[in-house]
Structure formats: structure tokens, C-alpha cells
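Report on one structure; see the data block that follows.
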Amino acid sequence: MTGTIIQLAYLFAAALFILALRALGQPATARRGMQMAAFGMLVAVCATLLDQRIVTYEWLAVGVIAGAVIGYPMGMWVPMTAMPQRIAFSHAFGALAATLVGVGEYLHGLHEHTLTHGQTLALGFEVLLGTLTVTGSLMAFGKLQEILPGAPVTFRGQNVFNLSLLATGVVCLAWLVVAPFSPQIFLAILVIGFLVGILMVLPIGGADMPVVVSLLNSYAGLAAVATGFALDNNILIVVGALDGASGFILSMAMSKAMNRSFANVLFGAFGAEKGGDGAAASAAGGEMVAIGFDEAAMRLAFAQRVIIVPGYGLAVAQAQHQVRELVGLMEKRGVDVRFAIHPVAGRMPGHMNVLLAEAGVSYDKLVDMEDINDRFAEADVVLVVGANDVVNPAARTNKSSPIYGMPILNVQDSKSIIVLKRGRGKGFSGVENDLFVSPKTNMLFGDAKESIIQLGAEVKLA
Amino acid sequence: MTPTATIQLFVFLLAGFVGFQTISRIPPLLHTPLMAATNAISGISLVAALVLAGAEQSLLSSVLGAVAAGCATANIVGGFLITDRMLAMFKPAKTDIDGAPKQ
């Protein structure tokens, strides 16, 4: 009877989780949806406590209370700018939970002599994926938090070495399935998983972390699926599949937005191949034309339609609030202002949207690349803040350019362009940007935050 | 293959398909909340950790279970809180005092 109640509670929770993800499709319904999911979680957890296999509550109470105490600050105190490393860190937590459950179940099966081949396959898969997600996520966290050097660390034969290590792990897994009662092999899988996680993220540069974080999301999900298979627990399979799908979709979207194949991000060690032909001759030539604050502000203040393109530089300068103030001043004068958000504008999928929403920009003004690209032609002024490669027209026109084919914002179609930029340097990919030397473009050099404050002051006077 | 394993594979396949369809529709605007949300939801492994921690199989199992329960709970609590915090920031365009949308 209790078994049935538990299963029904899980079914209910699974339905709520799927509905919650559906509600996430629109900002207006998203919050309510997630509150429903939290309720579903509560139901599932309470139902589990009825399980007859649970005979003591001390240990689990200790775990849950400690977890809640750790979780609260992770939820309430982490600033939005630190979101990528926060997410990476909690992937490590999730994967560690899956791994420990896997180890516990294996030891139990070993002790009771109940391990079947199928269960061992699921458990082995679970700990292999779990362990590599734990260390991989911690590495990603370290790089994003800048505890570890962000630059890719490479050595000769790295890919061959990593892949053979992973292959060894898979061989151990196969061996374990054939001979389930061999704890040494199980231990070997654990160790290999931990090592693969570290080595896998080592050669990936800080700028590629959005893909890695999404991918680890997917792995954590698959580890949960394996747990579900091993324990015959359908809700773990459902949730793990949702998680895996989400991570997969996001990492594909990120790779596409960066014009890189999946394999290239994972094995490419981008830093190493940089330079070389990277500086392929720019087609147009010409000089950057600087502009003063007063003139730039005048153009913004008397425009009808302005599109702002926020880039990585804006997030680095932490100038979101200043941008929002500037937008407020322009709107007071009747200017129609939108933000054009490139998928890789922040440090993780959708990060820029969160940062701007935090600063108080309403979400109707945050427009995705596909929706805004046709509207650049109508814009009187486009203000590019700290973005470079994502607005480089060479991605469309210059076949020899390394970024050729990358989806970009069609800033060059607009009537005039003002680029806020720290200095005359090149973008992350090291490619010259024809947009900056276009006759339509004026450059405003300086720190993004300072420049925007200055622009705001001038717009106020205009 | 046992009948249980077959059913599990069906569940996995269908859930993966539903997940793929549902999540493809989420706009890039909400991708960061999506990651935080899936993170919170994946804390469901707490149900497995609870059984391990409470089953009194051996001291080691209980400790492993307790640590796993702690990790999963931290993800659930932290994940839902931070998702809610983020989603609360996403506001539609301001409305005037009389409630009419301002253009």
C-alpha cells in the first residue's frame, strides 16, 4: 500500500516537473511554474519518508538539515554575476550525490550478493559519469571563479591520453559487468572518473566554459538516469532525462553561437590554435573614427529607435545599472530602446538577460538575436557596449575569416553605429572587425561604465 | 532483458522526448533560470539518498547516504531559491498608476 502511495506521489511530482518546464517557456508563467515544481519536490520527498526500507531517521535528518543550511546561502546570497560558477558548483553537488548513492548501493549489493549484471552496468555507468562530473564541475567552477588559471592547459598527446583514459574506464566498466563482484574494478572506475573529469576541463579556456557547464548539466542528468535504472526508480529516470535533454540542448545552442563544433570545444584547446591565420586580412581596411561624448549623446537623444548590443565587456565592467539609467533618460525623451541579446553575450546561456533584468530592464526590451536581426535596418543608432566578434560582419561576408559562419547580430544594417570600446585591440578570436572601420561607425573609447555615465549626463543636458 | 529494464527504457525514451520538446521551446531569455531549475529538480536524487541513509545497512552506507542527502538537499533548497530570485527579476514593461501599459 505505502509502495503504491510512494509511486503515485512520484508520478505526481514528475507531472509537476514537466509542467514547470513548460511554464518556463514564458517569463509571465515561469515563476508560478517553478513554485509548482518545488511543491512536487516536497511531495516526492515526504512520500519517500514513508518507505519501509527506512528504519532510522537520524542519519537522513543530519544530511537534510546540513544540506538545507548549505543550500540557503547558495540560493539567497550568491550575486547574479557569479551565476555560472554557482551553477557549476551545484552540478558537482548533484553528481556527488549520485556517485555516493551508486557507491552505497554497490557495496550493499556486494555484501548481500545480490548484484545482477544489469544493475552493475547501471551502477558502473552512474559512478563513471558521476565522478567525472564532480571533478569536471569543480574545475569549471575554479576557472570561472578564477581560483584556477582560466587559460587552457595543454600538453603533447593530451587528447590521445584523455581518450585512452576514458576508454580504460569503459573497459573497466565492461569487465565489472561481466564480473560484478570485483570491488577493485569498481574502485578503478571511480579513480578514472575523477581523473577524466579533471583532464577533460584542463584544456578548455575560460571563454568556452558556457559549453562545458551546459555539457556537465547533461552528464549530471545522465548519472541520475543511471541511478534510476539501478534502483528501479522511475522518477529519477524521468528527471535525469529532462536534465540530460536540457544540458544537451543548451550545449548545442552554445556551440552553434560560438561557431564551433562540439568536438572542437572539447578537444580543440582553442587557445593553442589562436593567432596564426587568425588575423586574416580585413577586407575593408580604413580607420576607426572616434566621437565625443556630447555628439554621441546628441545622436542618442534625438533618435527614434535605438538598439543596444550588450557584450561580455558590459558584464565585466558591471555597467548594467548605468545602462538602465541611460535607457530611462532616453525613453523619457520618447526614444524607443531595445536590447539585442546574442546567445553568448554573457558567461553562460542567457546570463546577460539575467544581469539586465536584475538591473531593472523589463524583459519585453530584451530581444533574442533571431527576433531582432531584421529590425536593425530600422534603427537610427545602434550602441554596441563591449561586444566585438558577435557584431563582426566578416562572419557573413569574409570566407577566409576564422569566424565565418558564426551567427551574428546584423548591426551593420542600421543607419549609424556607436561602439563603446576599451581600446583599439582585437576581439577574443583575434579577428579584425570591419564594423569598427565602417563609415557608419563612430568609436567611443574608454571604460564602459565611465562612458555610459558620461553619456547619461550629456543626454540629460540635450 | 528483464521486463523491468524494458519499462525503464520506455520511461527514459519518452521522458527524454518530452524533455527535448518542452525545453526546445524555452526562449534564450530564460536559459539561465532553466539551468538553475534543472539543477534544483535534479536534487530529486535525494529520494535515493534518503533510502540509503535510513536503511541501516552499515555505518558506511549510512554516512554515504547522509552526505548524498546533504548534497541533494543543498541543490534543492539553493536551486529553487535562486531560480525564484531570478524569475522575480524578470518583469514586464512598467505600467502607469492606472494600470494601463505605458509605451
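Protein sequences, first through last, are from chains U and G. For the first sequence, counting from 1, position 377 maps to 377 in the numbering used here; every step adds exactly one. Add 1000 to a position in the second sequence, counting from 1, and you land on the number used in the numbering used here. From the three backbone atoms N, C-alpha and C, an ideal C-beta is built for every residue, glycine too.
Check, Outcome
"Does the beta-carbon distance from ILE18(U) to THR1022(G) come in below 9 Å?", "yes"
"Comparing the C-beta of PRO1028(G) with each C-beta of chain U, is any distance below 9 Å?", "yes"
"At least one CB of chain G closer than 9 Å to the CB of LYS365(U): is that the case?", "yes"
"Please list the terminal residues of the continuous beta strand (DSSP E) segment that includes ASP368(U).", "366-368"
"Strictly under 9 Å for the Cβ-Cβ distance: is PRO152(U) near chain G by that measure?", "no"
"I'd like to know whether the C-beta of GLN1092(G) is nearer than 9 Å to at least one C-beta of chain U.", "Sequence check: residue 1092(G) is Pro here, not Gln. Answer yes: the Cβ-Cβ gap between PRO1092(G) and chain U drops below 9 Å somewhere."
"Rounded to whole angstroms, what is the Cα-Cα separation between GLN145(U) and GLY286(U)?", "39 Å"
"Within the continuous beta strand (DSSP E) that includes LYS421(U), where are the two ends?", "416-421"
"Could you give the distance in angstroms between the alpha-carbon of ALA1005(G) and the alpha-carbon of SER1045(G)?", "19 Å"
"How would you call THR2(U), buried or exposed, if buried means at least 16 neighbouring beta carbons within 10 angstroms?", "exposed"
"MET1035(G) and LEU250(U) look like a contact to me (Cβ under 8 Å); what is the Cβ gap, rounded to whole Å?", "7 Å"
"Between the beta-carbon of LEU165(U) and the beta-carbon of LEU187(U), is there less than 9 Å?", "no"
"Let me know the secondary structure DSSP gives ILE1104(G) once reduced to three states.", "Absent from the structure is residue 1104(G), since the part of chain G shown begins at 1001 and ends at 1103."
"With a threshold of 9 Å between beta-carbons, can VAL191(U) be considered close to chain G, or not?", "no"
"Between the region 366-382 of chain U and the region 331-340 of chain U, can you find at least three pairs of beta-carbon atoms closer than 8 Å?", "yes"
"Could you tell me the boundaries of the beta strand (DSSP E) in which ASP374(U) lies?", "First-last for ASP374(U): undefined, no H or E at that position."
"How many angstroms separate the CA atom of ARG32(U) from the CA atom of MET41(U)?", "14 Å"
"Tell me, please, which residues DSSP counts as bridged to MET468(U).", "This structure cannot speak to residue 468(U), because chain U is shown only from 1 to 462."
"Can you look up PHE155(U) in the DSSP assignment and give me helix, strand or coil?", "coil"
"Nearest-angstrom Cα distance between CYS1071(G) and MET352(U)?", "28 Å"
"Look at the alpha carbon of HIS321(U) and the alpha carbon of GLU432(U), and state the distance between them as a whole number of angstroms.", "30 Å"
"Considering only C-alpha positions, which residue in the set ALA1088(G), SER1062(G), GLY1078(G), THR1002(G) is nearest to GLY1043(G)?", "GLY1078(G)"
"Taking the Cβ atom as the reference point for each residue, do ASP374(U) and ASN410(U) lie within a distance shorter than 9 Å?", "yes"
"Counting only Cβ pairs nearer than 8 Å, list the residues of chain G close to HIS91(U).", "ASN1039"
"Please classify GLY311(U) as buried or exposed, where buried requires at least 16 neighbouring CB atoms within 10 angstroms.", "buried"
"Closer than 8 Å is the cut-off here; do at least three beta carbon pairs connect the region 236-256 of chain U with the region 173-183 of chain U?", "no"
"Could you tell me whether the Cβ atoms of ALA95(U) and VAL134(U) are closer together than 9 Å?", "yes"
"So, is SER1058(G) buried or exposed, given that buried needs 16 or more other C-beta atoms within 10 angstroms?", "exposed"
"For my contact list, ILE1076(G) and LEU242(U) are in at a C-beta cut-off of 8 Å; report their separation, rounded to the angstrom.", "Between LEU242(U) and ILE1076(G) the Cβ distance is about 15 Å, and since that is not below 8 Å, they are no contact."
"Please state the DSSP three-state secondary structure of GLY278(U).", "With a pLDDT of 39 at GLY278(U), under the threshold of 50, the modelled position of this residue cannot be trusted; read the value that follows with caution. GLY278(U) falls in the helix class under three-state DSSP."
"Along the beta strand (DSSP E) that carries PRO310(U), what are the first and last residues, could you check?", "305-310"
"Can you find a CB in chain U that lies within less than 9 Å of the CB of GLN1008(G)?", "yes"
"Classify ASP1084(G): buried if its beta carbon has 16 or more other beta carbons within 10 angstroms, exposed otherwise.", "buried"
"For ASN392(U), which residues in chain G fall below 8 Å Cβ to Cβ?", "In chain order: nothing, as chain G lies at least about 20 Å away."
"Exposed or buried, which one is ASP434(U) when buried takes at least 16 other CB atoms within 10 Å?", "buried"
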